[in-house]
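**Q** Sequence order for the protein chains is A and B.
To convert, note that position 415 of the first sequence is 415 in our numbering; the numbers rise steadily by one, no gaps.
If you count the second sequence from 1, you need to add 1000 to reach our numbering.
My questions all concern the structure below.
There are 2 protein chains.
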Amino acid sequence: MASSRQKVVIVGAGFGGLSAAAALAKTDAEVTIIDRRNHHLFQPLLYQVATAGLAPTQIASPIRMILRRLPNIHIELDEVTGVDLAARRVRLGERTLPYDQLIVAAGATHAYFGRDDWAEHAPGLKSLEDALALRRRVLLALESAELDMDRDARERLLTFVVVGGGPTGVELAGAIAELTRRALACDFRRIRGQRARILLIDGGSRVLSTFCPSLSAYAKRALETLGVELMLGQPVAHCDTHGVKVGEARIEAGNVIWAAGVQASPAGRWLGAETDRAGRVFVEKDLTLPGHPEVFLIGDCASIRDATGAPVPGVAPAAKQAGAYAAKVIAARLAGARAPGPFRYANAGSLATIGRQAAVADLGRVKLTGFPAWIFWCAAHVWFLIGFRNRLQVVLDWVWSYLTFERGARLVFEAVTRGRDPAIRVASPAAEARIAS
Amino acid sequence: MASSRQKVVIVGAGFGGLSAAAALAKTDAEVTIIDRRNHHLFQPLLYQVATAGLAPTQIASPIRMILRRLPNIHIELDEVTGVDLAARRVRLGERTLPYDQLIVAAGATHAYFGRDDWAEHAPGLKSLEDALALRRRVLLALESAELDMDRDARERLLTFVVVGGGPTGVELAGAIAELTRRALACDFRRIRGQRARILLIDGGSRVLSTFCPSLSAYAKRALETLGVELMLGQPVAHCDTHGVKVGEARIEAGNVIWAAGVQASPAGRWLGAETDRAGRVFVEKDLTLPGHPEVFLIGDCASIRDATGAPVPGVAPAAKQAGAYAAKVIAARLAGARAPGPFRYANAGSLATIGRQAAVADLGRVKLTGFPAWIFWCAAHVWFLIGFRNRLQVVLDWVWSYLTFERGARLVFEAVTRGRDPAIRVASPAAEARIAS
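So this is what it looks like as C-alpha cells:
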C-alpha cells in the first residue's frame, strides 16, 4: 500500500527545500527531506551572529521542529554524495534512497574566483559555523590588540577588510564598524579611544550594484558616516595571513572577510549537468533538469530565468517561490492534472541595512532610505523568521540593542591557550591564527 | 603616581574572581583580572545548554560587559602558565605581570579518578564548549538512531549513561529524559514510540548524598517517574567507546556523560603548594597561602575550612563569599586598618532540580520538594544570573518551554559528513565518534 505512494526526495532544507516540503504536505506523496545540518538557517540575519548582535539559536530552527506537524514528511540528517539518474536513486555514502521525483535545493557556498587558497585567510559567511568563527576572530583581534604593546601590530589587529560590496558585505562592514566603535569606546583600557579601521573593497564602481544608483549613493554615505572606508573600482589582487593587496596598495589587516562571490553546491557534478560559471545548473522553464522532467533544481544551485527571460536572483524569496512552484508541478502530476505554466518570479523588492537607522529598500517604484527603510527592513526580517519564539527574541534583542547600544552575543566559546612554546605571543599573527582556528 | 598604587591581580573570572573584583572596585587599587575565556559562565545552568533548553548567550556574559563601569579594573584575555612567588609576578607565557596582592580563583575541571583515558568516552561538563559538544552528541545519537536499521545499534544509540549522582548528574539525567521523551514522541518517524534508556550510576548508596536522606529519596522517586534507571552502590569499573561496565554488568551506550568528580585547576602546581587529593590548595583561615599572606586562594581551587572548622563546599555562593572576603582583607591592608577575622561561610542552602515541577531545596530547617522547590529553584537561579537581559531571556524561555514542552536550542552547528569512505555508516560507533568529535 504505502510503497505505491509517490516518493519525493528533497535535498536541502533551506528556503527552497522547506517551501517545497510545506507545499507537498498537502499531497499524499511520501516526502523525504535530507540536510547535512539539523537546522534551517535564516541566512539574511547571519551577519548579525557574526558581529555578536544575535545568538545562533535566534536565527536557526531545528528542521524537525519546523516540519513536526507534517506527517508525510520524513527528515534525514545525512550527506548526499551523488545521484543515480538512471536508477532514480540519491546516494548517501553507501546507502541509497529511491525517488520518483527529486527536488535539488542544495544551496551555495563562497567562491574565491579560482583562488581557493585565499579561503583560509579570508573566511566567508554561509553557515552558523562560519558566523561563529568570524565572531571569534573579530573579538579576539580586539583582545589581542589590548594585550599588544607594539603600535604596528595593534593597528594591524584593528584593521578589518571586507571584500565585496553586495548586501552581505555592506551589512558586515556596517555592523563591524558599530561593534568595534562601541567596544573600543567602552570596554577596553589600553586601546580605548583608538579607532578600528574598516575597509570595504569592491571591484565595481559602486556598492549594492543590483540596487538603483541613488540607493547605492545613500549606502556609500551611510557607510562613510559609520567610518567605513570604501575602496571601489579595483578587485583584491592578493590575500594572505597579514592582509590584502588592492592594485598596488598593500593593506595590513588582522581580519579579511570574504563576501564577494558564491559558488553553487556540487549539484551539477551529482547530476552530470551543464552549469554556468558559478556552478549553477541550467534548467528548463519549469525548473527541471533538461531531459529529466522528474528532477527539479531550485534556489542557489540553479541558474533560473523566469518566464520573461530575466535571470532570477539568488535571494530567499526567489528560492521560496521556486520551491512552491516545483511542489505545484509535482502535485499536478500526482493529481493527473495539467502542468502549471512556466515559473514566474514575483520580485517583492530588495533590502539591505547599513547600520542603526540606516538601510535601503528598493520596492520597484518606491525607494526608501534611512529610518523608514530600516524599520521596513526590521519588520520584513522578523516577519520571515521561522517560529514565534525566535521572532519574539529577535525583536527583544533589537529593541534592547537599540536602547542600550549593547551587543549581547559577544562570546568566544573557546579558551585561549599559550600552548607549549613560551615565545609565542598571543598577539602575533601565528598565535592569533592558532587561537582563532 | 599611578605606579605607587597597589597592584592586585585576580586569576579567573568565575563567581569568586568577579565577586573579588567588584568589591575591589571601591578601593584605589589597580586591579587586573585574567581569564582564558572572554565570558563569565553561570555554571549552575550549564546542564540546560547541554540538553538544548537554553542557548549559550543566555548563561554567559562577556567579562568586559560585566565590569565595564569599574574604571580601576583591567581585563586580560590570556592564559596563566605559572606564578613567581619570590618576584611576585604572574607568568603568562613569556610575559609576566607584577602584583602586590594575588587572588587565585582558577576553578576546577573534571576528574576521572586517575583514569584520564576515560575522558574521551565520557565527556564532562564545565565549559560552554563541553556543553555544546554534549548537546551535539545527544542530538546526533537520536539522528543516527533514526537512520539506522539495526535494532541493537538503535538501542545502543538510545541509551544514555550519566555517571555521578550529585546535583549535576541528577539534573543532566532528568533533562536528558525529558528531552528524549519529547523528541521521540513528536519529532521522529522510525524511532517514534521507542523509549530512550537513561541510567544514572553512582558508587554511593543514594543520589544527592550531600542533601538530607528524605530529599535524596524524593529525588530518586522523581527520577524514576521520568523513566531514569538508578544504579547505586557500585562505581563504574570501565568505560570505552561502546559503553560502561558497572560491577559485572556491561551496558552498551551511545553516550556516557561524566558528572562524578572535579579536579582543581593547576593552581597548586603554579604555587608549589600543598593540595588535597582533588588538587585544591590548603589555605590559612584568612584564605591565604601558608607563608604568603599576599596570595589568596578562593573557590574550587582552594581547600577551605571556615572558622567553625567545617569544610566549605565547592558551590557558587561559597566562591562569591570567599571573593568578597579576600577583597575585604586587601582593602583593610590598603587602608592600614585591622584585618577582618577568619573567613566564615554562610550556608544559604542547597538546591537541585530533577525536571519539570520537580526539585529539592535544603534550606536548613526548611526542606522543600516538588513544585514549591522547583519554583524556588527557578527564582533563585534567575536572581543570580548576571545581566538583566539574560534574566529576561531565561524567564521567557522557561515560561515558553513550560507551556509548550519545547526545547528551542536543539542545534548542531556542524554539518555531518560522509567523508571519503563510502563504507562508513553514520550510525556506526566510529562514524558517530568522528561526527561528534
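Beta carbons are placed, not taken as given, at the ideal position from N, Cα and C, and that holds for glycine.
Here the structure is a predicted model, which is why all the values come from computation and not from measurement.
Secondary structure at residue 1010(B), three-state DSSP: helix, strand or coil?
**A** Residue 1010(B) falls in the strand class under three-state DSSP.
**Q** Need the endpoints of the beta strand (DSSP E) that residue 1096(B) sits in, please.
**A** Note, residue 1096(B): beta strand (DSSP E), 1095-1098.
**Q** Could you tell me which uninterrupted alpha helix (DSSP H) segments, each at least 4 residues in length, are contained entirely in the region 173-257 of chain A, listed from first to last along the chain?
**A** Listed in chain order, the complete alpha helix (DSSP H) runs (minimum 4 residues) inside the region 173-257 of chain A are 213-225.
**Q** Are residue 128(A) and residue 49(A) close, meaning C-beta to C-beta below 8 angstroms?
**A** In contact: residue 128(A) and residue 49(A) (Cβ atoms closer than 8 angstroms).
**Q** Quick check on DSSP: helix, strand or coil for residue 1026(B)?
**A** Reduced to three states, the DSSP call for residue 1026(B) is coil.
**Q** Enumerated in chain order, which unbroken segments of the alpha helix (DSSP H) with a length of 4 residues or greater are wholly contained in the region 319-393 of chain A?
**A** Whole alpha helix (DSSP H) segments, 4+ residues: 370-384.
**Q** Which of helix, strand or coil does DSSP assign to residue 1041(B)?
**A** It is a strand residue.
**Q** Is there at least one Cβ from chain A nearer than 8 angstroms to residue 1074(B)'s Cβ?
**A** At least one chain A Cβ lies under 8 angstroms of residue 1074(B).
**Q** Residue 1131(B) lies in the alpha helix (DSSP H); which residues open and close that run?
**A** Here the alpha helix (DSSP H) through residue 1131(B) covers 1128-1147.
**Q** Alpha carbon to alpha carbon, how far is residue 1415(B) from residue 1301(B)? Give it in angstroms, no decimals.
**A** In a straight line, the C-alpha of residue 1301(B) is about 37 angstroms away from that of residue 1415(B).
**Q** Residue 62(A) bridges to which residues according to DSSP?
**A** Its beta-bridge partners are 39(A).
**Q** By the criterion of Cβ-Cβ separation under 9 angstroms, what are the contact partners of residue 37(A) in chain B?
**A** Here the neighbours are 1411, 1412, 1413, 1414, 1415, 1416.
**Q** Report the option in 306(A), 361(A), 297(A), 345(A) whose CA atom is closest to the CA atom of residue 330(A).
**A** Looking at the Cα atoms, 297(A) is the closest of the given residues.
**Q** Please state whether DSSP places residue 1430(B) in a helix, a strand or coil.
**A** Note that residue 1430(B) has pLDDT 36, beneath the 50 cutoff, so the model's placement of it is unreliable and the number below is only indicative. If DSSP states are grouped into helix, strand and coil, residue 1430(B) belongs with the helices.
**Q** Consult DSSP for residue 1417(B) and reduce its assignment to one of helix, strand or coil.
**A** Three-state result, residue 1417(B): coil.
**Q** Name the residues in the region 53-66 of chain A whose C-beta lies less than 9 angstroms from a C-beta of chain B; which are they?
**A** Listed by position along the chain: 54, 55, 56, 57, 58, 60, 61, 62, 64, 65.
**Q** Considering only C-alpha positions, which residue in the set 258(A), 314(A), 268(A) is nearest to residue 120(A)?
**A** Residue 258(A) is the option with its Cα nearest to residue 120(A).
**Q** Mind listing the chain A neighbours of residue 1385(B)? Cutoff is C-beta to C-beta under 7 angstroms, in chain order.
**A** Here the premise fails: no neighbours, minimum Cβ distance about 13 angstroms.
**Q** DSSP on residue 86(A), reduced to helix/strand/coil?
**A** Three-state result, residue 86(A): coil.
**Q** Reducing DSSP to helix, strand and coil, say where residue 281(A) ends up.
**A** Strand.
**Q** Return the bridge partner residues of residue 305(A) from the DSSP annotation.
**A** Looking at the DSSP assignment, residue 305(A) forms a beta bridge with 311(A).
**Q** Could you check whether the region 110-124 of chain A touches the region 205-225 of chain A, counting it as contact only if at least three pairs of C-beta atoms, one from each stretch, sit closer than 8 angstroms?
**A** Touching, no.
**Q** Going by Cα to Cα distance, which pick from 1348(B), 1209(B), 1196(B) is closest to residue 1182(B)?
**A** Nearest of 1348(B), 1209(B), 1196(B) to residue 1182(B), Cα basis: 1196(B).
**Q** Helix, strand or coil: how does DSSP classify residue 15(A) here?
**A** Here residue 15(A) sits in helix by DSSP.
**Q** Mind checking which residues open and close the alpha helix (DSSP H) that includes residue 67(A)?
**A** From DSSP, residue 67(A) is part of no alpha helix (DSSP H); its letter is neither H nor E.
**Q** Buried or exposed for residue 1238(B), please, with buried defined as at least 16 other CB atoms from any protein chain shown within 10 angstroms of its CB.
**A** Per the 10 Å Cβ criterion, exposed.
**Q** Between residue 128(A) and chain B, is the shortest Cβ-Cβ distance under 8 angstroms, so that the two count as touching?
**A** True, the Cβ-Cβ gap to chain B drops below 8 angstroms.
**Q** Report yes or no: is there a C-beta of chain A within less than 8 angstroms of the C-beta of residue 1043(B)?
**A** By this cut-off, residue 1043(B) is not an interface position.
**Q** Listed from N- to C-terminal order along the chain, which residues in the region 1305-1317 of chain B have their beta-carbon within a distance smaller than 7 angstroms of any beta-carbon of chain A?
**A** Here the close residues number zero.
**Q** Please confirm whether residue 1262(B) and residue 1201(B) have their CB atoms less than 8 angstroms apart.
**A** Against a cut-off of 8 angstroms, the Cβ pair of residue 1201(B) and residue 1262(B) comes out as no contact.
**Q** Is the Cβ of residue 301(A) closer than 8 angstroms to any Cβ of chain B?
**A** Taking Cβ atoms only, chain B never reaches closer than 8 angstroms to residue 301(A), which makes this a no.
**Q** Identify the continuous alpha helix (DSSP H) that holds residue 1104(B) and give its terminal residues.
**A** Note, residue 1104(B): premise wrong, no alpha helix (DSSP H); beta strand (DSSP E) at 1101-1104.
**Q** Would a C-beta distance cut-off of 8 angstroms place residue 169(A) and residue 204(A) closer than the cut-off?
**A** Cβ atoms of residue 169(A) and residue 204(A): not closer than 8 angstroms.
**Q** Alpha carbon to alpha carbon, how far is residue 147(A) from residue 1010(B)? Give it in angstroms, no decimals.
**A** If I take the Cα positions, the gap works out to 16 angstroms.
**Q** Below 6 angstroms CB to CB, which residues in the same chain sit around residue 1103(B) once its five sequence neighbours on both sides are set aside?
**A** Contacts found: 1010, 1020, 1296, 1326.
**Q** At a Cβ cut of 9 angstroms, what residues of the region 1163-1193 of chain B count as close to chain A, listed as they run along the chain?
**A** Answer set for the region 1163-1193 of chain B: 1183, 1186, 1187, 1188, 1189, 1190.
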